[in-house]
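Just so you know, the sequences run in chain order A and B. Under this note's numbering, think of the first position of the first sequence as 1, with each following residue one higher. Under this note's numbering, think of the first position of the second sequence as 1, with each following residue one higher. Structure, as structure tokens:
Number of protein chains: 2
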Amino acid sequence: MRKESTMTPPVGQDREQAARRGRPGYDQESLLMVCVGVFNEHGFDATSMGMLADALGITKSAIYHHVKSKDELLSLSLDRALSRLDRVMEQARQAEGTTRERFELLVRGTIRAVIEEKPHVTLLLRLRGNSPVELEAMNRRRAMTRELEARFEHAQREGGVRTDLSPRHLTRFSFGLINSLVEWYRPERDDPDQVADAAVAMLCDGILLPNGNDE
Amino acid sequence: MRKESTMTPPVGQDREQAARRGRPGYDQESLLMVCVGVFNEHGFDATSMGMLADALGITKSAIYHHVKSKDELLSLSLDRALSRLDRVMEQARQAEGTTRERFELLVRGTIRAVIEEKPHVTLLLRLRGNSPVELEAMNRRRAMTRELEARFEHAQREGGVRTDLSPRHLTRFSFGLINSLVEWYRPERDDPDQVADAAVAMLCDGILLPNGNDE
DNA sequence: GTCTATACTAAGATAGAC
DNA sequence: GTCTATCTTAGTATAGAC
Chain A
1 MRKESTMTPP VGQDREQAAR RGRPGYDQES LLMVCVGVFN EHGFDATSMG MLADALGITK
61 SAIYHHVKSK DELLSLSLDR ALSRLDRVME QARQAEGTTR ERFELLVRGT IRAVIEEKPH
121 VTLLLRLRGN SPVELEAMNR RRAMTRELEA RFEHAQREGG VRTDLSPRHL TRFSFGLINS
181 LVEWYRPERD DPDQVADAAV AMLCDGILLP NGNDE
Chain B
1 MRKESTMTPP VGQDREQAAR RGRPGYDQES LLMVCVGVFN EHGFDATSMG MLADALGITK
61 SAIYHHVKSK DELLSLSLDR ALSRLDRVME QARQAEGTTR ERFELLVRGT IRAVIEEKPH
121 VTLLLRLRGN SPVELEAMNR RRAMTRELEA RFEHAQREGG VRTDLSPRHL TRFSFGLINS
181 LVEWYRPERD DPDQVADAAV AMLCDGILLP NGNDE
């Protein structure tokens with residue numbers, strides 16, 4: 001059994017440490033991180049409890065000591081992603097300055113959140129709505145999209161953003177560009193600040209040189 | 001059995017029509033379209049043959065008359081997506097004109113392809129590499145990404161594209177913006193030309209007004 | 001081209017010992 | 001906190017009748 005247990009359960013020497021700080025075997029947090037990694041590698045639905053057990057180096061049934069179900073693992077992960085993104089939106093609401101400054105703050109904040117919570121955000125962005133847990137998370141995410149759309153509309157009226165594009169398309173394409181991070185960002189290859197600079201530059205000013213050549 | 005068969009199998013009156021044109025029951029093409037729709041709704045792995053059977057209005061076993069396996073359905077769909085995208089790349093290779101003109105051609109071609117073959121492209125973009133079929137399709141797609149990256153590098157040397165962003169980031173973010181279409185494009189809400197215009201505008205020139213306001 | 005019936009395998013989850 | 005053993009359900013796929 002247990003074909004590819006790469007990770008040895010971090011058995012603790014120092015127990016008796018006020019309940020949820022030590023880690024005799026796994027605690028819920030460390031277990032969650034391993035599971036989310038496997039979810040993202042194969043997709044949530046393609047991941048069986050057996051595969052999780054293999055990655056954890058324990059048996060299927062041992063997982064149920066930490067969580068009630070596979071869905072609870074998903075729920076815990078999605079909550080982390082959503083609460084992190086909520087904080088970004090809250091920060092954006094309170095921001096002041098020019099349109100560009102406020103937009104830049106939002107973009108950079110979102111990118112930081114996506115990078116720092118990448119495993120959880122990845123899971124969030126790939127939901128299909130197959131369970132109540134997924135549906136609720138998708139609703140929370142949808143609310144953020146709508147809020148950004150309203151923000152774009154406002155910025156257009158204020159005159160900071162071009163008005164030849166609909167708020168819908170501005171929103172969807174902007175999120176599309178940023179969210180693609182979960183599909184290709186790798187800490188070894190990509191510097192977070194450089195990535196954020198590139199996203200801001202592309203979104204604000206595009207990729208062509210102002211004095212475009214005519215060959 | 002068969003709880004929500006919305007689609008009645010299109011039983012044909014006019015048979016004997018040269019093998020693969022008529023449709024007594026389903027032919028492979030019409031069956032594929034229904035199945036791919038279900039795959040995209042729930043995700044490939046979360047879709048069982050039973051769900052396909054329900055959507056088709058036939059039984060599970062009847063599906064095996066048309067295809068050897070669930071994986072063959074996936075393979076047929078991915079082939080359609082990839083061959084369509086291959087044609088876009090081929091067209092881009094032969095294009096002439098300014099950097100902007102050639103870039104615009106590529107963007108518009110890709111967007112047309114994504115929209116016109118949306119179900120198949122959607123499936124392609126969501127692969128996790130869980131089977132040989134998926135891995136091979138991902139390789140073909142990766143080749144296209146690399147080709148675009150080389151194109152960006154070339155355009156930077158020629159002077160048409162800003163050089164403060166790496167080809168990698170230009171490529172990934174551009175594809176991210178465009179590919180997001182599969183997640184939100186809806187024919188009833190979005191006009192294809194308007195969507196393409198918006199993508200070109202954002203990618204080439206960004207979203208801010210040239211004469212940005214300082215409030 | 002589709003059906004019923006069924007073989008076979010793996011899934012998520014639980015009980016109770018250690 | 002993890003184990004073995006097991007329950008139950010659902011999965012893909014096949015055989016053979018109509």
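Yeah, the Cβ is synthetic: ideal placement off N, Cα and C, and Gly gets one too.
**OP:** Find the nearest neighbour of Gly-37/A within the set Arg-140/A, Met-138/A and Thr-122/A, judged by alpha-carbon distance.
**Re:** Here residue 37/A refers to the residue found at position 37 when the first sequence is read from its first residue. Out of Arg-140/A, Met-138/A and Thr-122/A, Thr-122/A has the C-alpha closest to the C-alpha of Gly-37/A.
Original post:
Looking only at C-alpha atoms, which of Ala-137/A, His-154/A and Lys-70/A sits nearest to Thr-47/A?
Top reply: Position 47 of the first sequence, counting from 1, holds the residue named residue 47/A. With distances taken between Cα atoms, Thr-47/A lies closest to Lys-70/A.
Original post:
What first and last residue would you give for the alpha helix (DSSP H) that runs through Ile-178/B?
Top reply: Here residue 178/B is taken as the residue at index 178 of the second sequence, counted from 1. Segment 167–179, the alpha helix (DSSP H) holding Ile-178/B.
**OP:** In angstroms with no decimal places, state the Cα-to-Cα distance between Arg-93/B and Val-161/B.
**Re:** Position 93 of the second sequence holds residue 93/B. Position 161 of the second sequence holds residue 161/B. In a straight line, the C-alpha of Arg-93/B is about 18 angstroms away from that of Val-161/B.
Original post:
Does the beta carbon of Gln-194/B sit closer than 9 angstroms to a beta carbon anywhere in chain A?
Top reply: Taking the first residue of the second sequence as 1, we reach residue 194/B at position 194. Yes, because at least one Cβ of chain A sits closer than 9 angstroms to the Cβ of Gln-194/B.
Original post:
So Ala-199/A packs on Val-88/A, CB below 8 angstroms; how close in whole Å?
Top reply: Here residue 199/A corresponds to residue number 199 of the first sequence, with the count starting at 1. Here residue 88/A corresponds to residue number 88 of the first sequence, with the count starting at 1. So it is not a contact: roughly 14 angstroms between Cβ atoms.
Original post:
Between the segment 108–122 of chain B and the segment 175–184 of chain B, do at least 3 Cβ pairs fall closer than 8 angstroms?
Top reply: At 8 angstroms Cβ cutoff, the stretches touch.
Original post:
Which residues in the same chain have their Cβ closer than 8 angstroms to the Cβ of Cys-204/B, if we skip the five residues on either side of it in sequence?
Top reply: On the second sequence, residue 204/B is found 204 positions in, with the first residue counted as 1. Take Cys-204/B, set aside five residues on each side of it, and the residues of its chain with a beta-carbon closer than 8 angstroms to its own are Arg-100, Phe-103 and Glu-104, in chain order.
**OP:** Compute the Euclidean distance between the alpha carbons of Gln-91/A and Pro-119/B, then round it to the nearest angstrom.
**Re:** By 1-based counting over the first sequence, the position of residue 91/A is 91. By 1-based counting over the second sequence, the position of residue 119/B is 119. Whole-angstrom Cα-Cα distance: 37 angstroms.
Subject >> Residues near Ala-196/B in its chain [Cβ-Cβ closer than 8 angstroms; skip 5 each side] >> reply: Start at 1 with the first residue of the second sequence, and residue 196/B comes out as number 196. So the list reads Val-107, Arg-108, Ile-111 and Arg-112, once near-sequence residues are dropped.
**OP:** Using 10 angstroms around the beta-carbon of Gln-156/A, count the other beta-carbons present and answer buried if the total reaches 16, otherwise exposed.
**Re:** Residue 156/A sits at position 156 when you count from the first residue of the first sequence. Flag for Gln-156/A reads buried.
**OP:** Return the Cβ separation of Val-133/A and Leu-74/A in integer angstroms, given the expectation that the two are a contact with Cβ distance under 8 angstroms.
**Re:** Taking the first residue of the first sequence as 1, we reach residue 133/A at position 133. Taking the first residue of the first sequence as 1, we reach residue 74/A at position 74. At roughly 6 angstroms, the Cβ-Cβ gap stays under 8 angstroms, so Val-133/A and Leu-74/A are in contact.
Subject >> Candidates Leu-52/A, Phe-39/A and Ile-58/A, of which the one nearest Ser-77/A by Cα >> reply: Here residue 77/A refers to the residue found at position 77 of the first sequence. Closest option to Ser-77/A, Cα to Cα, is Phe-39/A.
**OP:** Could you please give me the residues that DSSP links to Leu-208/A through a beta bridge?
**Re:** In the first sequence, residue 208/A corresponds to position 208, counting from 1. In the DSSP output, where bridge partners are listed per residue, Leu-208/A has Val-161/B.
Original post:
Start and end of the alpha helix (DSSP H) containing Ser-75/B?
Top reply: By one-based count along the second sequence, residue 75/B stands at place 75. Ser-75/B -> alpha helix (DSSP H) spans 70–94.
Subject >> Nearest-angstrom Cα separation, counted from Ser-30/A out to Glu-96/A >> reply: Your numbering for residue 96/A matches position 96 in the first sequence. Your numbering for residue 30/A matches position 30 in the first sequence. So the alpha carbons of these two residues sit roughly 38 angstroms apart.
**OP:** List the endpoints of the continuous alpha helix (DSSP H) containing Asp-54/A.
**Re:** Mapped onto the first sequence, residue 54/A falls at position 54. Here the alpha helix (DSSP H) through Asp-54/A covers 49–56.
Subject >> Host alpha helix (DSSP H) of Leu-116/A (start-end) >> reply: Position 116 of the first sequence, counted from the first residue, corresponds to residue 116/A. The amino acid occupying residue 116/A in the given sequence is Glu; Leu does not appear at that position. Segment 99–116, the alpha helix (DSSP H) holding Glu-116/A.
**OP:** Kindly give me the distance between the Cβ atoms of Leu-127/B and Leu-177/A, rounded to whole angstroms, as I take these residues to be in contact under 8 angstroms.
**Re:** If you number the second sequence from 1, residue 127/B lands on position 127. If you number the first sequence from 1, residue 177/A lands on position 177. Not confirmed; about 21 angstroms, so no contact.
Original post:
Cβ of Asp-54/A less than 9 angstroms from any chain B Cβ?
Top reply: As a working mapping, residue 54/A is identified with position 54 in the first sequence. Not closer than 9 angstroms to any Cβ of chain B, the Cβ of Asp-54/A fails to qualify, so no.
Original post:
Can you give the Cα-Cα distance for Leu-148/B and Asp-190/B, rounded to whole angstroms?
Top reply: Mapped onto the second sequence, residue 148/B falls at position 148. Mapped onto the second sequence, residue 190/B falls at position 190. Approximately 26 angstroms, taken between the alpha carbons.
Original post:
Taking Cβ-Cβ distances below 7 angstroms as the criterion, which residues of the segment 89–106 of chain B are in contact with chain A?
Top reply: Thr-98, Thr-99 and Arg-100
**OP:** Let me know if Arg-21/B comes out buried or exposed under the rule of 16 or more other beta-carbons within 10 Å of its beta-carbon.
**Re:** To locate residue 21/B, count along the second sequence from 1; it is residue 21. Its pLDDT being 43, under 50, Arg-21/B is placed unreliably in this model, and the value from its coordinates should be taken loosely. Under this definition Arg-21/B is an exposed residue.
Original post:
Quick one: which chain A residues come within Cβ less than 8 angstroms of Arg-128/B?
Top reply: Counting from one through the second sequence, the residue named residue 128/B turns up at place 128. The contacting residues are Glu-41, His-42, Gly-43 and Ala-46.
**OP:** Tell me, please, whether the CB atom of Glu-183/B is closer than 9 angstroms to any CB atom in chain A?
**Re:** Locating residue 183/B in the second sequence gives position 183, where the first residue counts as 1. Yes, its Cβ sits closer than 9 angstroms to a Cβ of chain A.
**OP:** Pull up the CB-CB distance for Ala-137/B and Leu-125/B, whole angstroms please, since I reckon it's below 8 angstroms.
**Re:** Here residue 137/B refers to the residue found at position 137 when the second sequence is read from its first residue. Here residue 125/B refers to the residue found at position 125 when the second sequence is read from its first residue. So it is not a contact: roughly 10 angstroms between Cβ atoms.
**OP:** Tell whether a beta-carbon distance below 9 angstroms holds between Arg-140/A and Leu-82/A.
**Re:** Taking the first residue of the first sequence as position 1, residue 140/A is located at position 140. Taking the first residue of the first sequence as position 1, residue 82/A is located at position 82. Taking 9 angstroms as the Cβ cut-off, Arg-140/A and Leu-82/A qualify as a contacting pair.
**OP:** Please compile the residues from chain B whose C-beta is within a distance smaller than 8 angstroms of the C-beta of Ser-180/A.
**Re:** What you label residue 180/A is simply residue 180 of the first sequence in a count that begins at 1. What Ser-180/A touches in chain B: Arg-172, Phe-173, Phe-175, Gly-176, Leu-177, Asn-179 and Ser-180.
**OP:** Pull up the CB-CB distance for Met-202/A and Gly-159/B, whole angstroms please, since I reckon it's below 8 angstroms.
**Re:** The residue given as residue 202/A occupies position 202 in the first sequence. The residue given as residue 159/B occupies position 159 in the second sequence. Going by Cβ atoms, the distance from Met-202/A to Gly-159/B rounds to 18 angstroms, so no, they are not a contact pair.
**OP:** With 9 angstroms as the threshold, decide whether the Cβ of Val-121/A is near any Cβ in chain B.
**Re:** As a first step, residue 121/A must be located in the first sequence, where it is residue number 121. With 9 angstroms as the cut-off, Val-121/A does not count as an interface residue toward chain B.
Original post:
What three-state label does DSSP hand Asn-139/A in the structure shown?
Top reply: Taking the first residue of the first sequence as position 1, residue 139/A is located at position 139. DSSP places Asn-139/A in helix when its eight states are reduced to three.
Subject >> Residue range of the alpha helix (DSSP H) that includes Leu-127/B >> reply: One-based indexing of the second sequence puts residue 127/B at position 127. Per DSSP, Leu-127/B lies in no alpha helix (DSSP H) segment and is marked neither H nor E.
Original post:
Just to confirm, does Glu-96/B get its C-beta within under 8 angstroms of one of the non-hydrogen atoms of the ligand SAH?
Top reply: By its list of ligands, the structure shown contains no ligand whatsoever, and the ligand SAH lies outside what it can speak to.
Original post:
Would Cys-35/A count as contacting chain B if we go by Cβ distances under 9 angstroms?
Top reply: Taking the first residue of the first sequence as 1, we reach residue 35/A at position 35. So, not an interface residue.
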